[in-house]
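**Q**
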Amino acid sequence: MVMKTSSYLLNLGFEMRIHGDKLRVFPREKITQEIREYIRSNKAVLMEEVKKRQSDALGECHESGPEGKDPFLVSGAACKVFLPPLERDVWLCPDEKARSMVKDDGLPCLLFTDLVYILRGKPGEDRLSRLKRACAKRNPVTEEVLRQLNGKVTSVKTVKEYGNE
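Sequential numbering from 471 applies to the sequence shown in the working numbering.
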């Protein structure tokens with residue numbers, strides 16, 4: 471399937487993700503009225519293409535596990551890792567089920583789709599910014615506050631960066 475509808479937005483520098491039954495387009499501040507109308511009039515096609523893109527991204531992993539899937543994805547096991555740029559541990563989780571098992575730990579729980587999002591950034595500051603944003607959004611405490619107050623993450627800084635201001 472040729473993905474012309476979503477490619478238009480990707481070429482303009484937008485990222486698209488599916489959250490439940492909603493299409494999220496980022497960065498929001500770049501969305502003009504014209505883009506908003508384009509998204510509304512093509513929502514069903516965009517959602518189908520983004521779902522396919524996400525599915526393809528999951529399939530682009532190492533093809534050494536059962537049915538050609540990445541062993542991490544089929545394991546169902548969370549993996550705690552230390553990330554030097556953040557100077558902290560995070561959980562890497564292949565799916566929501568694995569995430570639910572470790573989210574009470576209080577550490578950010580990155581899903582495989584978050585990792586794909588991070589790696590799509592340009593090496594350097596763009597990837598680091600995406601990593602920080604994903605960790606902030608996937609922190610259980612932050613998620614609950616955002617949900618309760620209908621908020622969004624607007625800026626993310628490490629403790630070290632905050633102290634240098």
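Glycine is no exception: its CB is placed at the ideal position from the N, C-alpha and C atoms.
As the structure is a computational prediction, the values presented were derived from the model and not from experiment.
Assuming D565 and L580 form a contact by the criterion Cβ under 8 Å, report the distance between their Cβ atoms to the nearest whole angstrom.
**A** Going by Cβ atoms, the distance from D565 to L580 rounds to 12 Å, so no, they are not a contact pair.
**Q** Excluding the 5 residues flanking V615 on each side, which residues of the same chain have their C-beta closer than 8 Å to its C-beta?
**A** Result list for V615: G621, in chain order.
**Q** Suppose you measure from the CA of S545 to the CA of E519; what does that come to, to the nearest Å?
**A** In a straight line, the C-alpha of S545 is about 27 Å away from that of E519.
**Q** From this set, R523, K573, L585, R510, which residue's C-alpha is nearest L480's C-alpha?
**A** Comparing Cα positions, the closest option is R523.
**Q** CB D559 to CB L577, shorter than 8 Å?
**A** Going by C-beta atoms, D559 is nearer than 8 Å to L577.
**Q** Under three-state DSSP, which class holds D574?
**A** Three-state DSSP puts D574 in a helix.
**Q** On the DSSP bridge list, what partners appear for L562?
**A** Per DSSP, C549, L580.
**Q** Helix, strand or coil for R617, going by three-state DSSP, please let me know.
**A** The answer is helix: DSSP assigns R617 an H, G or I state.
**Q** Based on DSSP bridge pairs, tell me the residues matched to L493.
**A** Partner(s): I488.
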